[in-house]
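Each remark here refers to the structure printed beneath this line.
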Ligand SMILES: Nc1ncnc2c1ncn2[C@@H]1O[C@H](COP(=O)(O)OP(=O)(O)O)[C@@H](O)[C@H]1O
Ligand SMILES: [Mg+2]
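Residue numbers (our numbering): 943 to 1250.
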């Protein structure tokens, strides 16, 4: 499902962020990505969501070849993903409720479904009493949970989370990972970056370790220890081991009582979608715009007569 082949990333200023990364992630896996600050974890995720392009190598996700993807396809591609950004990227002039609802509005969900689903997800992340607050009225941990709610709300196939526990206490961190685990058990692929090794060791998951842009280890947590394999070793034994364990654990998919997905709007507003999922330039334009994205989406929907 997610395939990195000989992927390297050198930023314009010459910083080598990733070198020769070869990673395959199957549908339904739960993968932690760990490593020190500057190791390349966020870059790895940004390549995955096509926020950055590799300097060399190929990245394939589902049927998409990210290197060849046209810009106008990116919003469609990202509909497959729920993304928790390290810097949250909440829209400051929208309430918690509207930040989460926005993610549904841009994909053309019906107001009726939004009214049902948004409070449900806000409740899941433990913020029902904050629904009417603006991001500036929330603590870092609360904002992080709003970002998580937004990533969950559309039932995406792939959840990509960059340090989703970076601003919350250990108990809340555990709860967040447990929540992601539950989602994973319904078939969602989860990729979570963290530098909290203690947290990772509590879960029986695959862990990819990055160090100075290189994958230095890739294997399952065993007996509470993060495995240390050399890269060459990885290509042989470790891969098979991971696969076997994975099949044992996830072989049988049990789809849970998720509500049916709404058919998605044919023509998403690219601007809104980019704003939402992190095209930074577009995001800024929308923030500086007089008319807020929420207002214009609502206006469109009213015109479309979508309301019940
Ligand atoms: N946009 C950028 N331009 C230049 N260098 C960058 C950029 N983003 C990240 N880097 C550099 O790339 C390296 C990896 O960064 P990052 O992927 O953010 O690491 P991590 O998330 O593991 O802390 C670091 O040296 C960082 O300074
Ligand atoms: Mg980072």
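The C-beta atom is built at its ideal place from N, Cα and C for all residues, glycine as well.
It should be emphasised that the depicted structure is a prediction, and the values quoted were computed from it without experimental measurement.
Exercise for review: Assign residue 965 to buried or exposed, taking buried as 16 or more other Cβ atoms, counted over all protein chains shown, within 10 Å of its Cβ.
Suggested key: buried
Exercise for review: Flag residue 983 as yes when its Cβ comes closer than 7 Å to any non-hydrogen atom of ligand 1, and as no otherwise.
Suggested key: Result yes, Cβ under 7 Å from ligand 1.
Review point. Which residues share a DSSP beta bridge with residue 1148?
Key: 973, 1162
Review point. Mind checking whether residue 1150 and residue 973 have CB atoms under 8 Å apart?
Key: yes
Review point. Does the beta carbon of residue 1029 fall short of 7 Å from some heavy atom of ligand 2?
Key: Outside the cutoff, so no.
Check your understanding: With distances taken between CB atoms, is the gap from residue 1100 to residue 1046 smaller than 8 Å?
Key -> no
Point to revise | Cβ distance (whole Å) where residue 1148 is taken to contact residue 971 below 8 Å | key: Contact between residue 1148 and residue 971 holds, since their C-beta atoms are separated by about 6 Å, short of 8 Å.
Review point. Under 8 Å between the Cβ atoms of residue 1089 and residue 1032?
Key: yes
Check your understanding: What do you reckon, are the CB atoms on residue 1016 and residue 943 nearer than 8 Å?
Key -> no
**Study point:** Closest residue to residue 1116 among 1138, 1000, 1006, 1160 (Cα-Cα distance)
**Key:** Looking at the Cα atoms, 1138 is the closest of the given residues.
Review point. When DSSP labels each residue in this structure, what does residue 986 get in the three-state scheme?
Key: helix
**Study point:** Span of the beta strand (DSSP E), counted from its first residue to its last, around residue 960
**Key:** Taken as a continuous stretch (DSSP letters only), the beta strand (DSSP E) holding residue 960 covers 958–967.
Point to revise | beta-carbon residue 1153 near ligand 2 non-hydrogen atom, thresh 7 Å | key: no
Check your understanding: With respect to the alpha helix (DSSP H) encompassing residue 1054, which residues constitute its N-terminal and C-terminal limits?
Key -> From DSSP, the alpha helix (DSSP H) with residue 1054 extends over 1053–1066.
Review point. Which value, in whole angstroms, describes the spacing of the CA atoms of residue 1072 and residue 999?
Key: Taking the straight line from one Cα to the other gives about 44 Å.
Check your understanding: Beta carbon of residue 1076, beta carbon of residue 1037: below 8 Å?
Key -> yes
Exercise for review: Answer yes or no: the CB of residue 1104 versus the heavy atoms of ligand 2, is any distance below 7 Å?
Suggested key: Answer for residue 1104: yes, Cβ within range of ligand 2.
Exercise for review: Compute the minimum distance between the beta carbon of residue 1110 and the heavy atoms of ligand 3, and state whether it is under 7 Å.
Suggested key: In terms of ligand content, the structure shown lacks ligand 3 and carries ligand 1 and ligand 2 instead.
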